[in-house]
Amino acid sequence: MLKKSKVTEETGTGQGPDEDNGKEVGIKKKSKVPGVMITQYIETLPEGKSHPDFTRKPIALTIQEGKFAFFKAIVTGDPTPNVTWSRNNGEVSDTSRYQSKYDPNSNEHTFEMPNVMPDQADTYKCSAINEFGQAIVTVVLNVIEVGFKKNKVQKPAAETMDGDFKTVLKRKSKIRPKSEQPERKDGEIDPKFWEILLSSDKKDYEKVCAEFGVTDFRWMLKKLNEMKKEREEEQAEFVKSISNLKPIQVNADGTASFELDMDLIEQSSSIFLYKDGEMIPYTKELGDKMKHSLKHTGKKYVFSMRDLLPEDAGLYQLDVEGVNMFSTDFKIPMVDFLVKLQEVTAVERQDAVFECVLSNPFSKILWFGKNLPLEQGDKYDIEVSEDKLIHRLVVKDCMVVDKGIYSACAGIKSCNAWLIVEADKDAQKGKKSARKTTRAGGSGVDLQKIAEEQQEKLQKQREEIKEQIKAVKETAAAAAQAESPPAPSKAKPAKAPDSGMDSSALDVKGTGDSDKTSSPPPAASASAEVSGIGTEDGDQTFADEPKITCGLSDIYALRGNPAELSVNMNVDCEGTWFKDGEQLNSGAGVSITKSGSCHKLTIPRCTDDNTGIYKFISGDLSTQGKVTVGDVPEFDPDDLHKFSKPVIVRVGQNAAFKMPFPPQESLVVSWFKDGTELKDGGGVKIGREPNHSRLLLRDCLRTDAGEIKIQLKNPFGAIEATSQLIVLDRPGPPQGPVETVETTSSIIEIKWNPPKDDGGSAVTNYIIERLQCGQCLWTKLGDVSSDRTTFRDRNVTHGKKYNYRIYAENPEGTSDSLETADSIMAGVMILAGPPGAPTVVSASKTCIKLSWTPPEDDRGVPIIGYQIEKRKKDTNLWVALNALHEPIEAVNYAVKDVTEGAEYEFRVSAINESGAGDASPPSAMVCAKNPNMRPCFKDPEDFIVIRAGNSARVKICYEAEPPPQITWLKDDEPLSPWIQIINTEGMSQLVIPSSKRSDSAIYTIKAKNSVGEASFDIEVRVTDEPKTPGPVVLEQTVHGKVEISWAPSPDEELDDRLHYMVSQHNSDTRVWKTVADRLFTNTYTVNNILPGIEYHFRIYAKNDMGLSDPSQSPTWGVNSNRVQVSSSGANSTDVCFERPPSILVPLKVHTPPKGYQVYMTCAVRGCPTPTVSWYLNDVCINSDSNYYITNSFGVCSIYILRVRPKDSGEYKVVAVNSFGKAECSTIVTVRD
């Protein structure tokens, strides 16, 4: 029972007149959410403020008693509104039954009712109020009661009707639960029939009528139109329109659903779902776990049901406010799959076949491909056998996109299987392959045999049921006979039927019912069903009262043949026969006989005049049946002869069949191919005209060839005509395997079998091709006639191997080839002797090098190469390292397929044209590991420069066996904790995460193993770009020369490799050029300074990271900083420039590391120009090629490209001219 809320007409607060002062207050506003009533208290809202509104309103709820019920709402407004909940008919102050909650994170207001009870069904109101207005929304709660409450007093029906009728929920549908259904009178039609018709398409009327036994269509349509008009008037109160009604059906995912488009007048109208008149709960949430759900999208309503069971069958109805909108009958047939779908693997352009066998006949099952329904068409063929047990789906012209899961659904049972589509390997690249004539898939079993066995089983079950029914009837009849008194009552005299009888009452039961006796009055119907005897007064009857035990039924009689109507009574009584309301007597073309309680009417020779409704009356009892006289369909002999001629077409062409026949009523025309009925659709087109029928098969394949049959069927019988469809195509490949009949040194004879499919025309000849092993070109050897399936190849070489392939040819083309499985050798196999045992040349962990000697005896056949095999220690398996068709031509080989530390032995076989000969003796066992060796470093770098702040990474690769122990030192001291060492096989890394200048040092790596040890030094210099040198000073000491001096860079003390570079710019060339580089001093003399030209100089500091920013000099030129030269005159004196040598810039001390470059310079002046000599430990080195010595206008330099320990010592510069001598010296110490 459903407890529905009482909906009252209310006016929202602020929308009606004020009860206290009687004046209007507030302004009505429209919300974006339908059903929300908003009242604004003032005309103009302050800026940034707003009245309350709902962005999410509560949703109407229908829930089962005892469940957890709740409403949710989201409210907006500034200032924040105060939200309250109330109900129309009661209070919500009981906190144990009603709880209001607010979630500040989601801004949701929740009204909860734990363990909801029927008395809580009501209309609830949610109000949101702030100082600028209020918003109100109402929501309905319906509660479904569970079970029967004994303590609940049942109100009388009259009392209920006296109350407020609007509060009583009344369904206007006539469908009631089974417990509430009234007893149906005999002859009364089930109300379910009308409900289904009201929601059905016109094309389904005939099927529905046949199901419920209604044959008077004119009366049915008249009454249905009246009911439709009445139903549409009821629906118009709640909906604007209803369309797209789709009856319930099973989907690919195992659910069932029906849908309709419905435009509600009020969106808040209540929607109810019923099954067989009983309300069922449902959910609107997609993720809910309830069995039934209703999804609403726009105007579309979709009802779905999951976890289908047999008890889910029934009549489903959708009501809006008690008015039925849609009814659909869900039938679940008792059927299962005897043979399920099997996985199919097909090649592109091939047809794929899925087959299944059902346990009971089923006219049409649902097919799905990748969860989409499939229909008969150009892509799919859906076939059903004549007994409706075998069902087939053919996926035509498969492509890769057709890959997926295909399923068959019969009732609530389903099965599925994969379709795998493989690429056509024979197709030419870039071209579309030809359509295949073969089919892939199938069940792999004899479906026809299984179907026949199931048909026999079903027939046996039917016979058993009939026997059981017959036994029950006989038992009931015997019991009734035993209880009845012996005196039989006399039957009333027969009388003609009333001419005013309503004929529709006689047609309620469908044609073919075995008992068409007149029905007793409704009061006696129930009694008649129990005792099997019809009465008029409803009292208990006796067995001697007349009764018709076997009545008349409709029959179809062949013209010219006899026909017989028979009626059996339970007692011997008289009766009268009528035809079309006129009494019949013997002799008027009919014979009426009576034998005891059996009355017979015989028509010796049926004619058209005998067609009519025959009725037998005995007292108040009557039965009737219709006799129809006609002929079995016939074919014209000429048309039949013409049709029987075979139709011959080529693959890809269309085949057409036409069969004329005389026009007839109730004629059913069917076309069959090899016993399977053809349906219109896809590649099959069936045309039906009153006097002929056509069959068109488009794009025929070889599989379409077979027997074509047309069947004409009417109630009097059936006739068939057969023809043959021959589809011509190139033949199939010859059948293998290819057998070797004879092989000698000069002849190879082969044999094969004819093709299984000759393509519809006889094979004319076979084509033979040959391929010699080791070559890639097939050669045509010749043709043989179709009556020969052997071939002798006489052009062979002894010891050579050959492959053969055979093609079948007919007038339509050449077949695919049949190829030999294995190569065939000409003559006897001659193998070479064993080579010498392999010798291990070298071994490492990744490679073992072998060598061997050729066999002493090649037995007269040239050796083309060798095959090597290996065997791991403690195993008996020899593994080939190269294939026979990839021989090793040399007598040595490097085996790289080894595992480090494993021990192997090897053997070698010689290969000739016959194959691999005897294997050599095995080699000695050898271990795959590197030989012991002293550690050595591979191409290390001895100097690395790193920018300060960057991570430093020093990689050193080494070779050693066994693996050595690695140690790192910094300036011969252990490393700091923050320096990381990463050791891997063959490499060691030193990592400084964030380097500083203090990390500059000599790092030493030491590697030590059992064989020896090795070490290597790497200088790591951590530096940065140098800072700019100090101010520059220019001074002219000699005419044409300028001495440049500058303050040192702040980085000079931190970096002993810091030096300077001088660039010059003059106003003549206007180009900067380097005049000096690698200066380790702070002065430099520039020569060739010309008068009248301005000069500029830049000084750069330079180290391993690059150049600093330049330090600019003052401008030199014209009149600045020049030596005053007096003009010739009275006061002028002679100037003498001659002077002894002097050292302007001395040498500096250097301590370079071993292998580094050294650059030393000094400045000397004197007039005349002195001669400069360089000495190392008092030994002149001017002529030593290990030193590069220059003298440029008094700037003397020496350059050592790579210092050695023996370059350490005292370096002296001696300058001598005619006026004297000058010298300076320095010490150079080379560090290790």
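With the working numbering, you'll find the sequence shown wraps up at 1237, consecutive numbering, no jumps.
For glycine and all other residues, C-beta sits at the position ideal for the given N, C-alpha and C.
Should N329 go down as buried or exposed, given a rule of 16 or more other Cβ atoms within 10 Å for buried?
Counting from 1 along the sequence shown, the entry for residue 329 is found at position 324. Burial call: buried.
CB-CB under 7 Å to V1128, same chain, minus the five flanking residues each way: which ones, in chain order?
Here residue 1128 refers to the residue found at position 1123 of the sequence shown. Its pLDDT being 47, under 50, V1128 is placed unreliably in this model, and the coordinates cannot settle the point.
How should N1126 be labelled, buried or exposed, when 16 other C-beta atoms within 10 angstroms of its C-beta is the threshold for buried?
Residue numbering aside, residue 1126 sits at position 1121 when the sequence shown is read from its first letter. Unreliable placement is indicated for N1126, whose pLDDT of 47 sits below 50; no coordinate value is reported for it.
Mark F948 as exposed unless 16 or more other C-beta atoms lie within 10 angstroms of its C-beta, in which case mark it buried.
In the sequence shown, residue 948 corresponds to position 943, counting from 1. Per the 10 Å Cβ criterion, exposed.
Taking the CB atoms as reference points, tell me whether V1025 and D1004 lie closer together than 8 Å.
Numbered from 1 along the sequence shown, position 1020 holds the residue referred to as residue 1025. Numbered from 1 along the sequence shown, position 999 holds the residue referred to as residue 1004. Yes; because the gap between Cβ atoms is below 8 Å, this pair is in contact.
What residue does the beta strand (DSSP E) around S914 start on, and which one ends it?
Here the question's residue 914 lines up with position 909 in the sequence shown. Looking at the DSSP string, the run of the beta strand (DSSP E) that includes S914 is E908 to N917.
The beta strand (DSSP E) enclosing S332, as first and last residue numbers
Along the sequence shown, read from residue 1 onward, the residue named residue 332 stands at position 327. Where S332 is concerned, the enclosing beta strand (DSSP E) stretches over V328 to F335.
Since G764 and P720 are thought to touch, with beta carbons under 8 Å apart, how far apart are those beta carbons, to the nearest angstrom?
As a first step, residue 764 is located in the sequence shown; it is residue number 759 there, counting from the start. As a first step, residue 720 is located in the sequence shown; it is residue number 715 there, counting from the start. With a contact defined as Cβ atoms closer than 8 Å, G764 and P720 miss out at about 44 Å.
Below 8 Å CB to CB, which residues in the same chain sit around S983 once its five sequence neighbours on both sides are set aside?
Residue 983 sits at position 978 when you count from the first residue of the sequence shown. The sequence shown places Trp at residue 983, not Ser. Within the same chain, W983 has close Cβ partners I997 and P998.
How about S36 and D58: are their beta carbons less than 8 Å apart?
Within the sequence shown, numbered from 1, the residue matching residue 36 stands at position 31. Within the sequence shown, numbered from 1, the residue matching residue 58 stands at position 53. A Cβ-Cβ contact shorter than 8 Å links S36 with D58.
For T1174, which residues from the same chain have a beta carbon less than 6 Å from its beta carbon, with the 5 sequence-adjacent residues on both sides left out?
Looking up residue 1174 in the sequence shown gives position 1169. Cβ-Cβ distances below 6 Å link T1174 to nothing in the same chain once the five nearest sequence neighbours on each side are left out.
Exposed or buried, what is L1112 when buried is set at 16 or more other beta-carbons lying within 10 Å of its beta-carbon?
Numbered from 1 along the sequence shown, position 1107 holds the residue referred to as residue 1112. Exposed: under 16 other Cβ atoms inside 10 Å.
Close beta carbons around K934, own chain, < 8 Å, minus the five adjacent residues each side:
The residue given as residue 934 occupies position 929 in the sequence shown. Result list for K934: A848, S849, K850, E905, G906 and E966, in chain order.
Is it the case that the region 372–379 contacts the region 439–446, given that we only count it when at least three CB pairs across the two stretches are under 8 Å?
No: fewer than three Cβ pairs fall under 8 Å.
Within the same chain, show all residues whose beta-carbon is closer than 6 Å to that of K584, passing over the 5 residues directly before and after it, in chain order.
Position 579 of the sequence shown holds residue 584. Only residues of its own chain outside the window of five on either side were considered, and among them G617 and Y619 have a CB closer than 6 Å to the CB of K584, listed in chain order.
Roughly how many angstroms separate the alpha carbons of S623 and P638, rounded to a whole number?
The residue labelled residue 623 in the question sits at position 618 within the sequence shown. The residue labelled residue 638 in the question sits at position 633 within the sequence shown. Straight-line Cα distance between these residues: approximately 38 Å.
How is S1133 classed by DSSP in three states: helix, strand or coil?
Along the sequence shown, one-based indexing puts residue 1133 at 1128. Here S1133 scores only 46 on pLDDT, less than 50, and its place in the model should not be relied on; the value that follows carries that caveat. It is coil, neither helix nor strand.
What number of angstroms, rounded off, separates the C-alpha of P609 from the C-alpha of L645?
To locate residue 609, count along the sequence shown from 1; it is residue 604. To locate residue 645, count along the sequence shown from 1; it is residue 640. If I take the Cα positions, the gap works out to 32 Å.
Between the C-alpha atoms of R467 and E316, what's the straight-line distance to the nearest angstrom?
Taking the first residue of the sequence shown as 1, we reach residue 467 at position 462. Taking the first residue of the sequence shown as 1, we reach residue 316 at position 311. Pairing R467 with E316, the inter-Cα distance amounts to about 24 Å.
Taking the alpha carbon of K960 as the reference point, which residue from W973, R952, P969 and S596 has its own alpha carbon closest?
Taking the first residue of the sequence shown as 1, we reach residue 960 at position 955. Nearest Cα to K960 within the set W973, R952, P969 and S596: W973.
Taking the alpha-carbon of G580 as reference, which of L1095, T1231, W883 and I553 has the nearest alpha-carbon?
On the sequence shown, residue 580 is found 575 positions in, with the first residue counted as 1. Checked all of L1095, T1231, W883 and I553; the closest Cα to G580 is I553.
Taking DSSP as the reference, what is the three-state secondary structure of T858?
Locating residue 858 in the sequence shown gives position 853, where the first residue counts as 1. Here T858 sits in coil by DSSP.
On the CB-based measure, 16 or more other CB atoms within 10 Å of its CB, does Q729 come out buried or exposed?
Along the sequence shown, one-based indexing puts residue 729 at 724. Looking at its Cβ environment, which holds fewer than 16 other Cβ atoms inside 10 Å, Q729 is exposed.
Neighbourhood of N156 by C-beta distance below 7 Å, restricted to the same chain and skipping five residues each side:
The count along the sequence shown starts at 1 and reaches residue 156 at position 151. Reliability fails at N156, whose pLDDT of 41 lies under 50, so the model's placement of it is uncertain and no value is given.
For V1150 and T1195, which I take to be in contact (beta-carbon distance under 8 Å), what is that distance rounded to the nearest angstrom?
Start at 1 with the first residue of the sequence shown, and residue 1150 comes out as number 1145. Start at 1 with the first residue of the sequence shown, and residue 1195 comes out as number 1190. Your pair V1150 and T1195 does not check out as a contact, with CB atoms roughly 15 Å apart and the cut at 8 Å.
Contact the region 138–147 vs the region 71–88: 3+ CB pairs below 8 Å:
Note that the region 138–147 touches the region 71–88; at least 3 beta-carbon pairs, one per stretch, sit closer than 8 Å.
For the alpha helix (DSSP H) that H646 lies in, which residues bound it at each end?
By one-based count along the sequence shown, residue 646 stands at place 641. Where H646 is concerned, the enclosing alpha helix (DSSP H) stretches over P642 to S649.
With distance defined between alpha-carbon atoms, name the residue in H1101, K1013 and S1230 nearest to I1148.
On the sequence shown, position 1143 is the one that residue 1148 refers to. Ranked by how close their Cα comes to the Cα of I1148, the residues H1101, K1013 and S1230 have S1230 in first place.
What are the partner residues of Q872, as DSSP defines its beta bridges?
Position 867 of the sequence shown, counted from the start, is the residue given in the question as residue 872. Q872 pairs with S914.
What span of residues does the alpha helix (DSSP H) with P196 cover, start to end?
Within the sequence shown, residue 196 is the residue found at index 191, counting from 1. P196 -> alpha helix (DSSP H) spans P196 to L203.
Helix, strand or coil for L1039, going by three-state DSSP, please let me know.
Residue numbering aside, residue 1039 sits at position 1034 when the sequence shown is read from its first letter. Looking at L1039 - three-state DSSP - the assignment turns out to be strand.
Please classify S591: does DSSP put it in a helix, a strand, or coil?
For the purposes of this step, residue 591 is taken as residue 586 along the sequence shown, with counting starting at 1. Here S591 sits in coil by DSSP.
By DSSP's criteria, A432 is part of a beta bridge. Which residues make up the other side?
In the sequence shown, the residue the question calls residue 432 occupies position 427. None; A432 has no bridge partner.
So, does the region 1069–1078 touch the region 1018–1034, judging by three or more C-beta pairs under 8 Å?
Touching, no.
Top-ranked residue by Cα proximity to I276, from D821, G920 and E326
The residue labelled residue 276 in the question sits at position 271 within the sequence shown. Of D821, G920 and E326, the residue nearest in Cα terms is E326.
List the endpoints of the continuous alpha helix (DSSP H) containing F217.
Taking the sequence shown and counting its residues from 1, one reaches residue 217 at position 212. Here the alpha helix (DSSP H) through F217 covers Y210 to F217.
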